Amino acid sequence: MKKKLAALFLAGLMLAAVLTGCGGTGNSDSGSGADAGSPEGADSGTSSGYRIGFSMPARDQFWTSMQGVMENTAKEKGIDFAVLDANSDVATQLSHVQTWAADGYDAVIVGLCNNDSAQDVLNAVGDMKVVFVNRQPNLDVLKDGEVVYVGTDETLYGTEQGNYLGNLFKEEGKTDINVVLFMGELGLDNVTKRTNSAKEALAANGLNVTYVYEATANWDRITAMNLFSQFMGSGQEVDAVVCNNDEMALGVIEAMKTTGSKEVFCPVVGIDATNVGCASVQSGDMACSVFQDPVAQGEGTILCALGLLEGTEIEGLENNYYNITPQLVTKDNVADFIK
18 MKKKLAALFL AGLMLAAVLT GCGGTGNSDS GSGADAGSPE GADSGTSSGY RIGFSMPARD
78 QFWTSMQGVM ENTAKEKGID FAVLDANSDV ATQLSHVQTW AADGYDAVIV GLCNNDSAQD
138 VLNAVGDMKV VFVNRQPNLD VLKDGEVVYV GTDETLYGTE QGNYLGNLFK EEGKTDINVV
198 LFMGELGLDN VTKRTNSAKE ALAANGLNVT YVYEATANWD RITAMNLFSQ FMGSGQEVDA
258 VVCNNDEMAL GVIEAMKTTG SKEVFCPVVG IDATNVGCAS VQSGDMACSV FQDPVAQGEG
318 TILCALGLLE GTEIEGLENN YYNITPQLVT KDNVADFIK
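According to this note's numbering, numbering within the sequence shown proceeds without interruption in unit steps and concludes at 356.
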């Protein structure tokens, strides 16, 4: 009898262990109501189950800001989101895309290292949907339900810069001016468009412009600071400095502040309206910037990717182009752009 009772007791313990292992949630994280397969903190009601990769062309403040917005938006939608930095190398970027395609990702977001590599990206994507962002490919590669672009007409940035300086010099009664121009990475479509449109807008405003120094500083603050310091050593007069982004403009400003007067002695204009750029505009060091909206671009990429994956209409998408309008940022309105 004792043996039978012991056997029954042992069987009861084993049954309880099996039930606990199969169905009990206890205090484990997976029992909180969230989908265990979703990113941490994602609501099970919004979990999409999609996997999306973002290949960043190179890391700077603007791209890092956009990455943060993408990550937050993806988390809200329950998307498994991966980010890799191509460090300005096309081959590295293509390897990102190939890896995600082989791993069965659903979509890829690409900030092109080189605008001309868009077709190479498309050759590597397999069945993934594609969202190009910020650096515009040839629009011929866009395809209904498959490939879209999120960004801004790059010519508008340079146009805003040129119009701002045109109005400034008109007020001063100047028509002949000397300009220094700092460009991003040569060969990129956005560099060409920002540079040429700024020149065209200055000319359209009736200014006779002599470009006393043109150089590429590769979007980099330190490079621009060093190059402008060398230029100042020439003793050449300059009335304005036009830069393809805020980081280079900030480098020019820092170089000016190393002079005897430690003053910004002519207008310096940038593009992006990053946090540090806006702070410089607010202090009066940078004359203006042009807002390139990382929030709208970052959110737009995720919304477009989801729309492509789910086959739903994407509000704001026209001819596979999700266009975001830039805004001029001056001391008068910079408070609206400071986060």
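Backbone N, C-alpha and C fix where the C-beta goes; we use that ideal spot for every residue, glycine too.
Note that the coordinates shown come from a computational prediction; the quantities given were computed from them, not determined experimentally.
Below-8 Å beta-carbon distance, residue i vs any chain B residue
i, result
"Cys-305", "The chain inventory of the structure shown lacks chain B, comprising one protein chain alone."
C-alpha gap between residue i and residue j, whole angstroms
i, j, result
"Val-164", "Gly-317", "14 Å"
"Val-107", "Ala-75", "11 Å"
"Gly-143", "Ala-118", "6 Å"
"Asn-213", "Leu-345", "18 Å"
"Phe-248", "Ser-278", "17 Å"
"Thr-227", "Asp-193", "8 Å"
"Pro-284", "Ala-141", "45 Å"
"Thr-116", "Leu-129", "17 Å"
Whether residue i touches residue j by CB criterion (8 Å)
i, j, result
"Thr-169", "Ile-355", "no"
"Ala-124", "Ala-322", "yes"
"Ile-126", "Ile-96", "no"
"Gly-175", "Ala-135", "no"
"Asp-102", "Met-83", "no"
"Val-255", "Asn-195", "yes"
"Ala-272", "Met-242", "yes"
"Asp-206", "Arg-152", "yes"
"Asn-222", "Lys-187", "yes"
"Val-167", "Leu-139", "no"
"Thr-233", "Gly-268", "no"
"Asp-87", "Ile-270", "The identity of residue 87 in the sequence shown is Met, whereas the question assumes Asp. No, these two residues do not count as a Cβ contact at 8 Å."
"Val-150", "Val-197", "no"
"Val-307", "Glu-177", "yes"
Counted within 10 angstroms of its Cβ, other Cβ atoms place residue i as buried (16 or more) or exposed
i, result
"Ala-220", "exposed"
"Leu-203", "exposed"
"Ile-239", "exposed"
"Tyr-67", "buried"
"Leu-173", "buried"
"Gly-62", "In this prediction, Gly-62 scores a pLDDT of 38, lower than 50, which makes its location untrustworthy; the coordinate-derived value is nonetheless stated afterwards. When all chains shown are included, Gly-62 counts as exposed."
Under the three-state DSSP convention, the category residue i falls into
i, result
"Cys-372", "Residue 372 cannot be examined here, being either before or after the span of the chain that is shown, 18 to 356."
"Thr-329", "coil"
"Lys-216", "helix"
"Met-73", "strand"
"Lys-187", "helix"
"Ile-355", "coil"
"Asp-106", "coil"
"Gln-299", "helix"
"Tyr-230", "strand"
Closer than 7 Å: residue i CB and nearest the ligand FAD heavy atom
i, result
"Met-200", "You won't find the ligand FAD in this model; it holds no ligand whatsoever."
- Message: With a threshold of 8 Å, are at least 3 pairs of Cβ atoms found where one atom belongs to the stretch 287-305 and the other to the stretch 95-115?
- Response: no
- Task: Give a yes or no on contact between the stretch 256-266 and the stretch 281-293, applying the rule of three or more CB pairs nearer than 8 Å.
- Result: yes
- Item | Given 8 Å, three or more beta-carbon pairs between the stretch 299-307 and the stretch 322-340 | no
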